[in-house]
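The sequence shown begins at 3 in this note's numbering and counts up one residue at a time. Backbone N, C-alpha and C define an ideal beta-carbon position, used for all residues, glycine too. Reviewing the structure listed below.
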Amino acid sequence: MALNIGVLGTGMIGQDHIRRLTQVLSGANVVGVSDISLERAQAAAPEDAEVFETPEALISSDKVDAIVICSWGPAHEEQLLACIAAGKPVFCEKPMVTSEAAALKVIAAEVAFGRRLVQVGFMRRFDADYRRLKAVIDSGSLGAPLMYKSVPRNASVPEGLYTSEMPLNDTLVHDADISRWLLNDEVVGVEVRLPRRSTRGGELRDPHIVLLHCASGAIVDVEISVNIAYGYDIRGEVSCEMGVASLPNRPATVISDQYGIRQAIPEDWRERFIEAYDQEFREWIVAAGNGTATGPSAWDGYAATLVGDAALRAVEGGSYEAINMIEKPALYETEIAMAAE
Ligand code: NAD
Ligand code: ISE
């Protein structure tokens, strides 16, 4: 039986996920949508879907089996807690929440419910290139991973809406999560260095170098540029004891014209990770159909939030900022193995 889904937030990624749930994937119907902009919700609603006036009405509707949250980060906490209170599986776009206190509330609610309901939108874990990279590291053929270089680059960000904190508390969460997953490690401390500022973003603080210190001693170097003009370019290279494993550099297309032969770079995340988002939702639909969730968990959302918080403290103070996590609840003990399957 198809899973009946309600989508909260019908902006850029909400519309893209509605397209994949209705036109690309099987096993799901989008039966309801809601957005603080009624107009946007109406425009994005698939035929026959109900436009709900409030997120609460959508979450509690008998029509809706499971929820996809694509609203702005600060709205996620309340919406996630309402989904858990209703006992409904929920896919939540990153960042899961925007503070440590909110992450702890989500974890406490899910643990009290007694079953995983939350999957966080860390789509890199579903990307075939990242999965192959992880398989090499996990095989042990190169020895232990010692260093990882993660390079996220965005062509541009919305002026005025994307603030100087966001490379650290919005973009970095992807790198924090993929580092933990690839290296099977936990981040225990963060440093931030500010290189020469790009003049392209006005007052925007860009780029950033972030060092993630892992429990094993491995160090991740994240180089974030969010306004680099040439395209959306995500790179990664793991240095191990006996070799190096890298993501392939992913050009979109090879173009031959009067200027020569060149490789086009993806414009944005929609293009670069299109198959990863599809796979992320394929796996979510199966788990949600069984009344639960697999893949990146609320614990992973919490871990990434702590990295973002520590990075913001580090950029202010200029020093090493330690991360202290609560003891991991038993509910989340198996999630790394499940996500890697
Ligand atoms: P957007 O601004 O285009 O859309 C957000 C939508 O949420 C807007 O239509 C807004 O009106 C609506 N909204 C805000 N608060 C709401 C609330 N309380 N209830 C209902 N609707 C509400 O932003 P976007 O680019 O679509 O991003 C949405 C989320 O997805 C963000 O958390 C963002 O970080 C995340 N995102 C993830 C990826 C990824 O690669 N995984 C890519 C892009 C965006
Ligand atoms: C966006 O919010 C994302 O999550 C994308 O994956 C990221 O790469 C981009 O920089 C963000 O704006």
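- Scanning G303, R272 and E193 for the CA closest to the CA of I221 turns up E193.
- Around the beta carbon of Y261, fewer than 16 other beta carbons lie within 10 angstroms, which makes this residue exposed.
- Rounded to whole angstroms, the gap between the alpha carbons of V288 and E95 is 18 Å.
- Among the bridge pairs identified by DSSP, E323 is matched with V192.
- DSSP places Q17 inside the alpha helix (DSSP H), whose first and last residues are M14 to R21.
- In this structure, C85 has its CB at a distance of at least 8 Å from all heavy atoms of the ligand NAD.
- For A77, the shortest separation between its Cβ and any heavy atom of the ligand NAD lies below 8 Å.
- Between the segment 99 to 111 and the segment 297 to 310, the count of C-beta pairs closer than 8 Å reaches three or more; the two stretches touch.
- Non-local beta-carbon contacts of M327 in its own chain, meaning distances under 8 Å to residues more than five positions away in sequence, involve E188, Y304, A305 and L308 in chain order.
- Straight-line spacing of the CA atoms in L119 and A59 works out to 19 Å.
- Collapsing the DSSP output to three states places Q121 in a strand.
- As the crow flies, the alpha-carbon of R252 is around 7 Å from that of I267.
- By the C-beta criterion, the segment 150 to 157 is judged to be in contact with the segment 223 to 235, since at least 3 inter-stretch pairs fall below 8 Å.
- Contact check for S166 against R202 fails: the beta carbons are separated by 9 Å or more.
- Counting of Cβ neighbours within 10 angstroms places A103 among the exposed residues, the total staying below 16.
- Relative to the ligand ISE, Y261 has its C-beta separated by 8 Å or more from all heavy atoms.
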